[in-house]
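>
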Amino acid sequence: MLDTAVPRRLGRWILGALLIAGLWWLYGLKSGHYEDSQESKLAAFLSFLQLGFALFLVLTLRWLLFLAKRVAQRRRDGRHEQGPQGSGPG
Numbered sequence: 253m254l255d256t257a258v259p260r261r262l263g264r265w266i267l268g269a270l271l272i273a274g275l276w277w278l279y280g281l282k283s284g285h286y287e288d289s290q291e292s293k294l295a296a297f298l299s300f301l302q303l304g305f306a307l308f309l310v311l312t313l314r315w316l317l318f319l320a321k322r323v324a325q326r327r328r329d330g331r332h333e334q335g336p337q338g339s340g341p342g
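Just so we're aligned, residue 253 is where the sequence shown starts under the numbering used here, counting upward by one.
#1: Measuring straight from C-alpha to C-alpha, what distance separates M253 and V323?
#2: From E291 to F297, what does the alpha carbon distance come to, in whole angstroms?
#3: What separation, rounded to the nearest whole angstrom, lies between the Cα atoms of T312 and S283?
#4: According to DSSP, simplified to helix, strand and coil, what is S289?
#5: Give the single residue among K293, D329, L307 and F300 whose Cα lies nearest to the Cα of L275.
#6: Taking 8 Å as the threshold (C-beta atoms), are L262 and W315 in contact?
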């Protein structure tokens, strides 16, 4: 069974990344980096979504790598406890 702390930690990372991306987007709007046209604001919002999605992908891949390492470690530990394979009577 998976430890519930890992998904919670991943969720916090994702929310934090989206919060930072959102603040960056708002800063760009308020500082005049984007014109006042609706098209420009839409482009800014889409760039925010793109940044958020990229951060989500990076963090998801990081989490999957963590899980793969953990599974590999458990398999190694399990083999070590069982002893060499094929050591039974035969």
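Note that the Cβ used here is the ideal one computed from N, Cα and C, for glycine as well. Because the structure is a prediction, the values reported are computed rather than measured.
Judging by the given coordinates:
#1: With a pLDDT of only 45 at M253, under the threshold of 50, the placement of this residue in the model should not be trusted; the figure read from the coordinates follows. The straight-line gap from Cα to Cα measures roughly 11 Å.
#2: Each residue's Cα considered, the two are about 10 Å apart.
#3: Each residue's Cα considered, the two are about 32 Å apart.
#4: Here S289 sits in coil by DSSP.
#5: Selected option, being the one with the closest Cα: F300.
#6: Taking C-beta atoms as the reference points, W315 and L262 count as a pair closer than 8 Å.
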